[in-house]
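K.L.:
Chains as they are written, first to last, in my numbering: chain W, 734 to 848; chain H, 24 to 241.
Backbone N, C-alpha and C define an ideal beta-carbon position, used for all residues, glycine too.
The structure under discussion is supplied below as structure tokens; questions concerning it will follow.
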Amino acid sequence: MTLEGWQEQLRRGGLDLAILLAVARGPRYGLEIIRHLEEFTDLVITEGTVYPILGRLTAEGVLAAEWNASEGPHPRKYYRLTDSGRQRLALMASHWKEFIAKIARLMEAAGGERP
Amino acid sequence: MKISEVGESRIRGYLFVLERSLRTFLPREVVADAAREVESHIRERLDQIGPSPDERALVERVLRELGPPLKVAQAYSLEMTVDEAVATGRVTPMARAFLHAATTTVGGFLAAVLVLWGYVASAILFSAAVLELFRPRNVVLTFHYLVPVITFDYPEIPTAVDQGGYWVIPYALVCGLGILVATHRGARHWLTWWIERRRMMQLRLIDVAPEKNTVDMR
């Protein structure tokens, strides 16, 4: 596998978690989620690919979506975590931390980033 | 932000193509909701960027950031249809997923043909088992070099070549079921591999999109 392919796999693995984290503190609509991710991460995301992921997470029952026409000049579709979504987020976050810690230990054992 | 008739027409055109593309793969209510969300996004972005002397360039920029409607539709299909097919293995999502694959890549087309062949072959074998009950002389089990072969014929096959009798039924059912299970499992494995590969390619496309660097999200 090329370095590029490996980086893409990492990003792909982190994308669902990043989206769930973006709505962890309260409901957000699509564009708001994108802005939030851009503010805190360098995950490269285009609008056209975020909405299908949000749709899938909603279909899986991880997110719940609701249209709100009263707020803002246009109707917005807000996403929030469901109970099972919170559980999944907690599990994903815990696995992610564990994974990072293990890799950090390995790197430390190898004497830094360059073995 | 107030958009001129020309700008509105461009947005409607984009949404029209998106809706038409989505209808191929997704249920009608999902399509309507997705198109409404994308329209809301476009108008929100136009409001965020604000009025511009060159409205046409502004609309084009927002639509370019969103991606071509066909690509957006493919992303929807990939995330929702193919994912559902892989997760559940249900017939409708599987059919939609392979329709998507067949219209997207040459490999997808070939895989779809192969899978279709598998399902048709198992359906023919099941039909042979049922037909044997009502038209036993039209369906016979013959042996070619010790390999049992089920043969259909009309008008009736002379009884001299009938070597199977009602053994056609269990033989056809076992073979049909075997082919059906193998096809279905193979199809799901292939879709799992294919969806990962497509997602990788999507991320690669996102990464190299030059216009992304020019987008001011704040």
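In whole angstroms, what is the alpha-carbon distance linking residue 776 (chain W) and residue 742 (chain W)?
P.N.:
Roughly 12 Å between the two C-alpha positions.
K.L.:
Hey, is residue 66 (chain H)'s beta-carbon within less than 7 Å of any beta-carbon in chain W?
P.N.:
Chain W contact via Cβ: present.
K.L.:
Count the other CB atoms, across all protein chains shown, that sit within 10 Å of the CB of residue 744 (chain W); report buried if there are 16 or more and exposed otherwise.
P.N.:
Residue 744 (chain W) is buried by the Cβ-count criterion.
K.L.:
Using only the alpha-carbon positions, how far apart do residue 813 (chain W) and residue 147 (chain H) sit?
P.N.:
If you take the alpha carbons of residue 813 (chain W) and residue 147 (chain H), they lie about 48 Å apart.
K.L.:
Looking at the secondary structure, which residues open and close the alpha helix (DSSP H) in which residue 819 (chain W) lies?
P.N.:
Counting along the chain, the alpha helix (DSSP H) containing residue 819 (chain W) begins and ends at 816 to 842.
K.L.:
Between the Cα of residue 762 (chain W) and the Cα atoms of W:794, W:818, W:802, W:738, which residue gives the shortest distance?
P.N.:
For the residues W:794, W:818, W:802, W:738, the minimum Cα distance to residue 762 (chain W) belongs to W:802.
K.L.:
Taking the beta strand (DSSP E) that residue 797 (chain W) falls in, what are its first and last residues?
P.N.:
First-last of the beta strand (DSSP E) with residue 797 (chain W): 796 to 801.
K.L.:
Within a Cβ cutoff of 8 Å, which residues of the same chain sit near residue 69 (chain H), ignoring the five residues on either side of it in sequence?
P.N.:
24, 26, 81, 82, 85, listed in sequence order.
K.L.:
Would you identify the three-state DSSP class for residue 49 (chain H), choosing helix, strand or coil?
P.N.:
Correct three-state label for residue 49 (chain H): coil.
K.L.:
Give me the Cβ distance between residue 38 (chain H) and residue 60 (chain H), rounded to the nearest whole Å; I'm assuming they're in contact under 8 Å.
P.N.:
Not confirmed; about 11 Å, so no contact.
K.L.:
Figure out for me which residue from H:57, H:88, H:217 has the closest Cα to the Cα of residue 125 (chain H).
P.N.:
Minimum Cα distance to residue 125 (chain H) is reached at H:217.
K.L.:
From residue 35 (chain H) to residue 122 (chain H), what distance separates their C-alpha atoms?
P.N.:
Between residue 35 (chain H) and residue 122 (chain H), the C-alpha separation is close to 26 Å.
K.L.:
May I ask you to list the residues that DSSP assigns as paired with residue 21 (chain H)?
P.N.:
Here chain H covers residues 24 to 241 and nothing more, so residue 21 (chain H) does not appear.
K.L.:
Can you tell me where the alpha helix (DSSP H) with residue 123 (chain H) in it begins and where it stops?
P.N.:
Per DSSP, residue 123 (chain H) belongs to the alpha helix (DSSP H) from 114 to 127.
K.L.:
Who are the near neighbours of residue 172 (chain H) in its chain, counting only those whose CB is closer than 8 Å to its CB and skipping five residues on each side?
P.N.:
164, 165, 166.
K.L.:
Between residue 151 (chain H) and residue 195 (chain H), how many whole angstroms is the CB-CB distance? I'm expecting something under 8 Å.
P.N.:
That belief holds up - the Cβ atoms of residue 151 (chain H) and residue 195 (chain H) are roughly 4 Å apart, short of 8 Å.
K.L.:
From W:784, W:841, W:748, pick the residue whose C-alpha is nearest to that of residue 826 (chain W); which is it?
P.N.:
Looking at the Cα atoms, W:748 is the closest of the given residues.
K.L.:
Checking the sheet assignment: what are the DSSP bridge partners for residue 812 (chain W)?
P.N.:
DSSP lists W:761, W:798 as partners of residue 812 (chain W).
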